[in-house]
Every structure is written in C-alpha cells, then in structure tokens.
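These notes are about the structure you will find just below.
There are 2 protein chains.
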Amino acid sequence: MNIVFFLFDRITALDAIGPYEVLSRLPGARIDFVGAARGDVRTDNKFLRLGVDRTFDEVTAADILVVPGGFGTRALETDERALQWIRDIDRTTRVTASVCTGSLVLGAAGLLRGRRATTHWARLQRLTEFGAIPVSERVVRDGKIATAAGVAAGIDFGLTLALELAGREVAEAIQLGIEYDPAPPVDAGSPRRAAPAIVDAVLARLAARDRAEPVAI
Amino acid sequence: MNIVFFLFDRITALDAIGPYEVLSRLPGARIDFVGAARGDVRTDNKFLRLGVDRTFDEVTAADILVVPGGFGTRALETDERALQWIRDIDRTTRVTASVCTGSLVLGAAGLLRGRRATTHWARLQRLTEFGAIPVSERVVRDGKIATAAGVAAGIDFGLTLALELAGREVAEAIQLGIEYDPAPPVDAGSPRRAAPAIVDAVLARLAARDRAEPVAI
Chain A
62 MNIVFFLFDR
72 ITALDAIGPY
82 EVLSRLPGAR
92 IDFVGAARGD
102 VRTDNKFLRL
112 GVDRTFDEVT
122 AADILVVPGG
132 FGTRALETDE
142 RALQWIRDID
152 RTTRVTASVC
162 TGSLVLGAAG
172 LLRGRRATTH
182 WARLQRLTEF
192 GAIPVSERVV
202 RDGKIATAAG
212 VAAGIDFGLT
222 LALELAGREV
232 AEAIQLGIEY
242 DPAPPVDAGS
252 PRRAAPAIVD
262 AVLARLAARD
272 RAEPVAI
Chain B
62 MNIVFFLFDR
72 ITALDAIGPY
82 EVLSRLPGAR
92 IDFVGAARGD
102 VRTDNKFLRL
112 GVDRTFDEVT
122 AADILVVPGG
132 FGTRALETDE
142 RALQWIRDID
152 RTTRVTASVC
162 TGSLVLGAAG
172 LLRGRRATTH
182 WARLQRLTEF
192 GAIPVSERVV
202 RDGKIATAAG
212 VAAGIDFGLT
222 LALELAGREV
232 AEAIQLGIEY
242 DPAPPVDAGS
252 PRRAAPAIVD
262 AVLARLAARD
272 RAEPVAI
C-alpha cells in the first residue's frame, strides 16, 4: 500500500501528520512525502520544517494520495505543474483525498466537478468555484474522492479509511495505539457549537490574514 | 512566549505536532524545535523527516518545554547530555510537559520524583521506575509538570494549557480554528473501552517490537 502525502510551503502540519500517524500503521503501508523539489518545506507559521524526500518526477503512482491544507494552498490553485501531477497521480489511485483546504487544490485540478466535498468550515462555499457540492460533514466520500473538514478532521479521515481498507479490528487497534480518545477541555470545535463571538473572532483573524497576504488565503 | 519542542530520532510525529498546532496559535507564541544537532530527525517508522533548527547549546531557557514520545525515548533515558539539557531548561520554565513516553524521559531526568504523572496506557507502570505516581488520566498536572497520555492526547494537553495560559475565548477560538470536533468512526481509543482482544493485539505488537529492538521500547 503506497500512500503519498503532498508537501508544500505554508502547509498546516497537523493536516498531514494526523492522517499520516493513522495510515502509517496500516499493515504493509509505505509512506512517501512528495513535493516539487527535494529538501524541506516550511509550515504556515514558519516554525517547522518538514522533509520532502521524493519529487513529482520520481512518484508517478499511488494507492492513496493525500493533499493537506494550509495557507499555501492558494498558490497551488494556479500552480499548473502541481495540479497536473495531482491529476496524473489521481488516475492511478484507489483513493484520492484531502484535508482542510487541500480540497480546494483537488478542485482546482478539476477533480471535484459535480462531486460532494468538504473543507475547513470557513472556506466551505469556495468549493462551488470548482463545481463541487459543499457538504458540512467531518469526512465526505464521493466515489474514490475523500475530503475531510478542517485540520484535526484528518485524524477521523485516517481512521475512516483504515476501517474501509483494513477492517474494524485494525482500525480499533490503531485508535488504541495512538490513544485517540479525545477529551478536549472546551467544546467549540465546530461553528455549530461555538458561541457566535468565537466564530466571528476566527473569521476576523482569517480575514485579516487574507488582507495582509492576499495571495495566501 | 517561548515554546520549545525537543526533537529526537524515532520520535512519534503526532506527539509533537498535535500540541504544536494548538500552542503555535497562542498570542505571541514563538516555537523552536530543538535537538542534539542541527539537521533532521526521522520518525519512528522512518517515513518522515522533521527539521531541527536549534541545538541544546543555542537554547538555554523556555517558557514551555514539551518532550514528545516515541520509540526513541528509550535511548534518551540514558542520554546524559539530553537529560542535563532538560534539567537545565526545566529550571527556567513556567510549564515542563511531555506527551506519551516523553514522560519517561522527564522521569529519567529526575523531574517526576513523588509527582503524579501519566504516559501511554501500555507504559503506565514504567513511571514507578522513576519514583512517579502513575495516573490514568488524559492530562495530569502536578506543580509545573504537565504530562499527557499517548500520542493524540497531546492535542487535549495543548488546549488545556491554552485554556490555563490564555483563557477560555482563546482556547475556544483555537479549537474552532483547527476544527477539533472529534468524530472517530470507531470507539476504542482507551483500554477501558476497547475490546480485550484489541488491547491484547496492541500489547502483542509492542512486545514483538521490544523483542526485535530491545533498546527501543
């Protein structure tokens, strides 16, 4: 089982590392972190380097492709080389997936036309720009395309895929192995449950970042 | 707010990236990934490189220190240079923390004597080797020491610390920003809820790995 994660500058690390931590535990899994060039990428806040060990040219097929999100996805929406690589890999996959705003990249590659899909709650309506049908669910599956909601939803996506590909016992053993028994001390993880003032605060921060860095919404 | 994550070979990536994704969103946060040498470390499964941008010699103080877990912690338990650096940093922190088997490193450094602490559920009794009092809770606080349970518990630890340091509105906005609204498709994240056969399967896999790599429990 060859699982490929696409890495790029200004990625949100947890978008990739959540599903990686789950899917790397699938029996027979091999994971490649692939990018435009060998070396490193920096996360959205610049604090962390993640290693790119293989390039687009070196990886031409995958069983599972995962495109994470982050502020860097805006630039990818018009990066024809990256989009063509995604289209080429998609022709070989069992599952083509995204986490958070990674779905906007799948959309820009033309893979979401007429399909149900999700993304970070604050960007959900942007899916319509690519002909997708926005769905406010944690993990959305349409054919072989799987899209997860924002950032931490990638862990639930990973387990959902583990359940599908390897069965309940394997999925439960992975969940127990990583002690994914969530107990957040606050209860505002969805705009449906957060107070309106909290939703407004997050939207205002995203809007301020959009104004400061218009290329990197 | 200077937040330092210790990186080392054979780390479990999510142990670090979960709390990093939360704590990096605290107002005024600056995050450093620190290790024995500049360059990279590889995760437990060798699939992923994480960048070490600063060394022990360069970082001599922190507001928050986070020691993640992973199979590599076994070697750290007798790595006097790493343990002395942890002791030195601990003298400067507001909070010294661990995720998963990172607490066994804090223990080896002598920081858990007589303290309540936790770790990955399968390693909980090992805390007694270091004079700590094992507690089966998601996040345990004793004085300025905070220890989190296995792997994914680091996200709950991060939010717990955000709540304490920055208040409820900030913690809720971070939770909403990373859409941490867990919905796992299976319910076996704790040995209290997993079927006995699943618990046995995970313990058997860990035991096999211990036999294959006795230095790296």
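Residue numbers (the numbering used here), protein chains in the order written: chain A, 62 to 278; chain B, 62 to 278.
Even glycine gets a Cβ: it sits at the ideal position worked out from N, Cα and C.
All values derive from a computational prediction rather than experimental measurement.
Shown here, Gly96 (chain B) sits in a strand according to DSSP, grouped into three states.
Following the DSSP letters along the chain, one finds Asp261 (chain A) inside the alpha helix (DSSP H) bounded by residues 257-273. At a beta-carbon threshold of 7 Å, the residues of chain A lying near Thr221 (chain B) are Pro246, ordered along the chain. CA-CA distance, Val128 (chain A) to Arg174 (chain B), rounds to 44 Å. Taking a C-beta cut-off of 8 Å against chain A, the contacting residues of the region 68-97 of chain B are Thr73, Ala74, Leu75, Ile78, Gly79, Tyr81, Glu82, Ser85, Arg91, Ile92, Asp93, Phe94, listed in chain order.
By a beta-carbon distance limit of 8 Å, Val196 (chain B) does not contact Ala213 (chain B). Their separation comes to about 18 Å.
Annotation: Arg152 (chain A) is outside any alpha helix (DSSP H) and is labelled neither H nor E by DSSP.
Around Gly211 (chain B), the beta-carbon contacts reaching into chain A at under 7 Å are Ile239, Glu240. DSSP places Asp101 (chain A) in the strand class (E or B) of the three-state scheme. The beta-carbon separation of Val231 (chain A) and Leu111 (chain A), rounded to 26 Å, does not stay under the 8 Å limit for a contact. In the three-state reduction of the DSSP assignment, Gly219 (chain A) falls in the helix class, which pools H, G and I.
Of all residues in the region 247-267 of chain A, the ones placed with a Cβ closer than 9 Å to any Cβ belonging to chain B are Val247, Asp248, Ala249, Gly250, Ser251, Pro252, Arg253, Arg254, Ala255, Ala256, Ala258, Ile259, Val260, Ala262, Val263, Arg266, Leu267, in chain order. Counting along the chain, the unbroken beta strand (DSSP E) around Ala207 (chain B) starts and ends at 206-209. In the structure shown, the three-state DSSP call for Val200 (chain B) is strand. DSSP places Thr157 (chain A) inside the beta strand (DSSP E), whose first and last residues are 156-160. Under the 10 Å beta carbon count, Arg176 (chain A) is surrounded by 16 or more other beta carbons and is classified as buried.
Not a single CB atom of chain B sits nearer than 8 Å to the CB of Pro195 (chain A). Listed in chain order, the non-local C-beta contacts of Val200 (chain B) below 8 Å within the same chain comprise Thr179, Ala207, Thr208, Ala209, Ala210, Ala214, Asp217, Phe218, Thr221, local neighbours out to five positions each way being set aside. Counted as a single uninterrupted DSSP element, the beta strand (DSSP E) harbouring Leu126 (chain A) occupies residues 125-128.
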